[in-house]
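Worksheet for the structure shown next.
There are 2 protein chains.
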Amino acid sequence: MVENAGFSHGHVHGKRVLVVTNTKVAPLYLDKVVEALTRDNPNVSVESVILPDGEKYKDMDTLMKVFDKAIESRLDRRCTFVALGGGVIGDMCGYAAASFLRGVNFIQIPTTVMAQVDSSVGGKTGINHPLGKNLIGAFYQPQCVLIDTDTLNTLPDRELASGLAEVIKYGLIRDADFFEWQERNIQALMARDPAAMAYAIKRSCENKAEVVSLDEKEGGLRATLNLGHTFGHAIETGLGYGNWLHGEAVAAGMVMAVDMSYRLGWIDDALVKRTTNILKQAKLPIAPPESVTIETFRSVMAVDKKVADGLLRLILLKGPLGNCVFTGEYDRKALDETLHAFCKS
Amino acid sequence: MVENAGFSHGHVHGKRVLVVTNTKVAPLYLDKVVEALTRDNPNVSVESVILPDGEKYKDMDTLMKVFDKAIESRLDRRCTFVALGGGVIGDMCGYAAASFLRGVNFIQIPTTVMAQVDSSVGGKTGINHPLGKNLIGAFYQPQCVLIDTDTLNTLPDRELASGLAEVIKYGLIRDADFFEWQERNIQALMARDPAAMAYAIKRSCENKAEVVSLDEKEGGLRATLNLGHTFGHAIETGLGYGNWLHGEAVAAGMVMAVDMSYRLGWIDDALVKRTTNILKQAKLPIAPPESVTIETFRSVMAVDKKVADGLLRLILLKGPLGNCVFTGEYDRKALDETLHAFCKS
Numbered sequence: 001m002v003e004n005a006g007f008s009h010g011h012v013h014g015k016r017v018l019v020v021t022n023t024k025v026a027p028l029y030l031d032k033v034v035e036a037l038t039r040d041n042p043n044v045s046v047e048s049v050i051l052p053d054g055e056k057y058k059d060m061d062t063l064m065k066v067f068d069k070a071i072e073s074r075l076d077r078r079c080t081f082v083a084l085g086g087g088v089i090g091d092m093c094g095y096a097a098a099s100f101l102r103g104v105n106f107i108q109i110p111t112t113v114m115a116q117v118d119s120s121v122g123g124k125t126g127i128n129h130p131l132g133k134n135l136i137g138a139f140y141q142p143q144c145v146l147i148d149t150d151t152l153n154t155l156p157d158r159e160l161a162s163g164l165a166e167v168i169k170y171g172l173i174r175d176a177d178f179f180e181w182q183e184r185n186i187q188a189l190m191a192r193d194p195a196a197m198a199y200a201i202k203r204s205c206e207n208k209a210e211v212v213s214l215d216e217k218e219g220g221l222r223a224t225l226n227l228g229h230t231f232g233h234a235i236e237t238g239l240g241y242g243n244w245l246h247g248e249a250v251a252a253g254m255v256m257a258v259d260m261s262y263r264l265g266w267i268d269d270a271l272v273k274r275t276t277n278i279l280k281q282a283k284l285p286i287a288p289p290e291s292v293t294i295e296t297f298r299s300v301m302a303v304d305k306k307v308a309d310g311l312l313r314l315i316l317l318k319g320p321l322g323n324c325v326f327t328g329e330y331d332r333k334a335l336d337e338t339l340h341a342f343c344k345s
Numbered sequence: 001m002v003e004n005a006g007f008s009h010g011h012v013h014g015k016r017v018l019v020v021t022n023t024k025v026a027p028l029y030l031d032k033v034v035e036a037l038t039r040d041n042p043n044v045s046v047e048s049v050i051l052p053d054g055e056k057y058k059d060m061d062t063l064m065k066v067f068d069k070a071i072e073s074r075l076d077r078r079c080t081f082v083a084l085g086g087g088v089i090g091d092m093c094g095y096a097a098a099s100f101l102r103g104v105n106f107i108q109i110p111t112t113v114m115a116q117v118d119s120s121v122g123g124k125t126g127i128n129h130p131l132g133k134n135l136i137g138a139f140y141q142p143q144c145v146l147i148d149t150d151t152l153n154t155l156p157d158r159e160l161a162s163g164l165a166e167v168i169k170y171g172l173i174r175d176a177d178f179f180e181w182q183e184r185n186i187q188a189l190m191a192r193d194p195a196a197m198a199y200a201i202k203r204s205c206e207n208k209a210e211v212v213s214l215d216e217k218e219g220g221l222r223a224t225l226n227l228g229h230t231f232g233h234a235i236e237t238g239l240g241y242g243n244w245l246h247g248e249a250v251a252a253g254m255v256m257a258v259d260m261s262y263r264l265g266w267i268d269d270a271l272v273k274r275t276t277n278i279l280k281q282a283k284l285p286i287a288p289p290e291s292v293t294i295e296t297f298r299s300v301m302a303v304d305k306k307v308a309d310g311l312l313r314l315i316l317l318k319g320p321l322g323n324c325v326f327t328g329e330y331d332r333k334a335l336d337e338t339l340h341a342f343c344k345s
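In order, the protein sequences belong to chains A and B. Using the UniProt record's numbering, read the first sequence as starting at 1 and increasing by one per residue. Using the UniProt record's numbering, read the second sequence as starting at 1 and increasing by one per residue.
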């Protein structure tokens, strides 16, 4: 799945393509992608729609711009939507592809670590609602995901670190060897060493693909990929989308989930320290911002998608490194203690 | 599938239900449905959202009201959305159920002939775009469809006739015996004879279910259910949604498709006359309104979902009664002649 993109019209079904990208990525890569699609292929016509950049535009109004462009261009069911950008573009383009004419072909070309290791794989697509993230969407698989690690050369440092939060997550929830490799190679990853980055992306995609193939619709196992995300979503919602990057919020959220796991007596102290330590080296936050209160956490967590019949299920570590559970059966006191330890009321 | 609704909480998964209905149906049936769901079941809680009535509200803004209500009510993945109303409500509620938290349970309680014989069966859901009908949506199957023919007692005459257009369609495209039964029983149907109505609905659902089970995602066979719909959509778009009922536009569209089939030499003159005759008896239009021009037909048909790589495929009758084809291979002259015969330029 990781390749130095020999992207061409061969990856595309039909003759018509809509590239969905944003104002930040378009100047860097749009021409290259259009050129790759049309080179030697006069029959392929490519339209593009350039959306504003950022999580705060992951909404219904922006999604409608994709439909408007597709309909004005008279695209039909055999067209292909190509997502060129990070996770926000991938999620929105994927949901647009799922919904346009009740479903058209879809390809992901993720240009951030976050999208390459997480959001482009597995078929979750969607947009935000003012009251919560990703509440409107679809499960919709791309025909393929094309990853060109050269795109990381233009990625800002904060974006790089944000993606590493998800890489670290795979180690914590299910891959002890990978976590230990990360502990040895975190400086190489921060320095964008190409071989280290390629390995981290490949191993992350493999972990994600394995989980998703076992549980596409999130019956239970797939939910474990959301370690730290329930706390993290509360941070993102509390701050307003886009102030912290997704991986930054997930990093702080993972520290909270790990703290809670320790309070429940499910993991030992050393694992708490190793988690905090590697996140610090990745220059990621290890606590929520002061402005996000306990009340914010409680109200956002109450509308989390993992609430079932009123009970909030969480992903928590349990046992040695590389083991976790997805459960609603935990002592509510531990959650209270974690919230009080990290936030003001 | 046709039953005198012994509807109860037994049909619903989970404890929480959102009934989506409209201002016309709510005063007639909402209390009954809520009562049926909660009778003897204090654990089931029912929310409802009452949308404005009519095709012109089948849009993104109205859809958002369903999401707003679901999120404000803190519904989770185990909830059930119930569509109580006609085709517009079923399509919107279904698309909302497909998209809310990437998919929740969904039940249809159709209250019009149109919805009972057509839109509630088969899993097509969606909303309109200003440039065309049903351009945004999903394939999403309901857990069940509950049909209570008593609801037809409150249905206006025009709505009844509109639904019969789809009933007649099943006869024309695939069920000669059913068409002949309709020719003998059209007066009983117009008089809402309960036994005749129940038979017509049952036979229609069987025809639709058979086609859909063979071709859920509309590879080809399912498209035949759209006899008259391509012309009909142009009429609806040209007039503005909601001025003609869907079945009225489909009736005029079927006459045009049948006319074109005759011009191609694919059917005999008698079938043209029988089609026009039964539609007249059902008090349905047999020609488009004068205000819809050839240019309107051409521009709307160019963005039809059945266009593939630029070629408009149509459903046309071919051979004896009960046979049709879905094809882009026809003499363009016949289409031109039909448009000129029925419309001004």
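Ideal Cβ positions, reconstructed from N, Cα and C, are used throughout, including at glycine. Since we're looking at a predicted model, the values are computed, not measured.
| Query | Result |
| --- | --- |
| Proximity winner among V19/B, R16/B, G132/B, relative to K56/B (alpha-carbon distances) | G132/B |
| Minimum Cβ-Cβ distance from D59/A to chain B less than 8 Å | no |
| C-beta neighbour in chain A for H129/B, strict 8 Å | yes |
| N134/A versus Y140/B: straight-line alpha-carbon distance, rounded | 19 Å |
| Cβ-Cβ separation, I89/A to V20/A (assumed contact under 8 Å), whole Å | 6 Å |
| Beta strand (DSSP E) segments (min. 3 residues) lying fully within the stretch 209–261 of chain B | none |
| Own chain residues within Cβ distance below 7 Å of T154/A, not counting five before or after | L28 |
| Rounded distance between the beta-carbons of N185/A and A176/A, thought under 8 Å | Not quite, the Cβ-Cβ distance comes to about 15 Å (not below 8 Å), so this is no contact. |
| Residue-chain proximity (K344/B, chain A), Cβ-Cβ < 8 Å | no |
| CB contact flag (L84/A, L152/A, <8 Å) | no |
| Entirely enclosed beta strand (DSSP E) segments - the stretch 117–193 of chain A, minimum 3 residues | 124–129, 132–139 |
| Chain B contact for M1/A (CB, 8 Å cutoff) | Because M1/A carries a pLDDT of 38, less than 50, the predicted location of this residue cannot be relied on, and the following value inherits that uncertainty. With 8 Å as the cut-off, M1/A does not count as an interface residue toward chain B. |
| Proximal chain B residues relative to K124/A, where beta-carbon distance stays under 9 Å | R102 |
| Residue(s) in a DSSP beta bridge with Q281/A | Partner(s): none; Q281/A has no beta bridge. |
| Sequence-distant residues of its chain with Cβ nearer than 8 Å to E248/B (five each side left out) | R158, A161, S162, A165, L284, P285 |
| Segment contact flag, the stretch 243–262 of chain B with the stretch 222–231 of chain B, C-beta cutoff 8 Å, min 3 pairs | yes |
| Extent of the continuous beta strand (DSSP E) to which A26/B belongs | It is not in any beta strand (DSSP E) - A26/B carries neither H nor E in the DSSP assignment. |
| Collapsed DSSP secondary structure at R77/B in the structure displayed | coil |
| Collapsed DSSP secondary structure at E329/A in the structure displayed | coil |
| Amino acids of chain C, ordered along the chain, whose beta-carbon sits closer than 7 Å to that of R74/A | Here the protein chains are A and B, and chain C is not one of them. |
| Any chain B beta carbon closer than 8 Å to M64/A | yes |
| Span of the alpha helix (DSSP H) around V300/B | 294–302 |
| Bridge partner(s) assigned by DSSP for S48/A | V19/A |
| Secondary structure of V2/A, DSSP reduced to three states | For V2/A, the predicted structure reports a pLDDT of 41, less than 50, and the residue's modelled location is therefore unreliable. A value from the coordinates is still provided. Note: V2/A maps to strand in three-state DSSP. |
| Contact check, L146/A vs H11/A, beta carbons under 8 Å | yes |
| Residue nearest to M190/B in terms of C-alpha spacing, selected from A97/B, I168/B, S261/B | I168/B |
| Bridge partner(s) assigned by DSSP for E312/B | First, the amino acid is wrong: residue 312/B is Leu here, not Glu. Beta-bridge pairing links L312/B to V307/B. |
| For A257/B and F81/B, the rounded distance between their alpha carbons | 37 Å |
| For T125/B and Y95/B, believed in contact at Cβ under 8 Å, the rounded distance | 4 Å |
| Contacts around L311/A, its chain only, beta-carbon distance under 6 Å, and the 5 residues preceding and following it disregarded | G328 |
| Helix, strand or coil at G54/B according to DSSP, with G and I counted as helix | coil |
| Start and end residues, alpha helix (DSSP H) containing I286/A | It is not in any alpha helix (DSSP H) - I286/A carries neither H nor E in the DSSP assignment. |
| Any chain B beta carbon closer than 8 Å to G94/A | no |
| Bridge-paired residues (DSSP) for I71/B | Bridge partners of I71/B: none, in fact. |
| Reference S345/B, options D304/B, C205/B, R298/B, G322/B, closest by Cα | R298/B |
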